[in-house]
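Residue numbers for the sequence shown, in full-length UniProt numbering: 1 to 148.
Structure first, then comments.
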Amino acid sequence: MNLIVRFSNTVSRFETTHQRLKDIAEFLGVSQNKAAAYAINQAWERLAADEEMLEALEFKRNGVKVGGITYLHTDPAFLDRVRERVSNRVPLPHDDDDSLENDLLFRFLSKEQQAAIRAASDPDEKRRLKARFLKETSPEAAADNFLD
Numbered sequence: 001m002n003l004i005v006r007f008s009n010t011v012s013r014f015e016t017t018h019q020r021l022k023d024i025a026e027f028l029g030v031s032q033n034k035a036a037a038y039a040i041n042q043a044w045e046r047l048a049a050d051e052e053m054l055e056a057l058e059f060k061r062n063g064v065k066v067g068g069i070t071y072l073h074t075d076p077a078f079l080d081r082v083r084e085r086v087s088n089r090v091p092l093p094h095d096d097d098d099s100l101e102n103d104l105l106f107r108f109l110s111k112e113q114q115a116a117i118r119a120a121s122d123p124d125e126k127r128r129l130k131a132r133f134l135k136e137t138s139p140e141a142a143a144d145n146f147l148d
């Protein structure tokens, strides 16, 4: 496989000079092709370790984006329910009915707010209440509620 590398007269994050490649090859005592492969492998290892590249690529390549959230390895039936809720502008569309009272966000609400949500019988009403209560709860109160 052939690769054409275009060099620049300046050095930036995505540009480099041919002289830099020559210097790397000379220092390592290898050809410019091997020096380019070495540079790519070094960049790959750094990105994979420092910037969680592998996880990001997994989401980019295999994730399914619905309503602004990307899902990875998610049940297609759940994604269909989320798509329907997003299209109907249902509050908190990414929560399934059985998770409305069991997720982390629910724990940020006061005991009274949690009781009001539990008392509602309609899942859409639970969503509306939960969304409203989350907007009304300050970060400080949410932290206190979480610790209670």
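In this text, a Cβ means the ideal position worked out from N, Cα and C, and glycines have one as well.
Rounded C-alpha distance that separates Asn88 from Arg81
11 angstroms
By Cβ distance below 7 angstroms, which residues in the same chain neighbour Val5 in space, the five residues on each side in sequence not counted?
Ala36
Within 10 angstroms of its Cβ, does Phe146 collect 16 or more other Cβ (buried), or is it exposed?
exposed
Along the chain, which unbroken stretches of the alpha helix (DSSP H) at least 4 residues long are found entirely within the segment 50-100?
53-62 and 76-87
What residues are listed by DSSP as bridge partners for Ser12?
Glu15
Using only alpha-carbon positions, find the residue among Phe7, Pro93 and Asp103 that is nearest to Arg128.
Pro93
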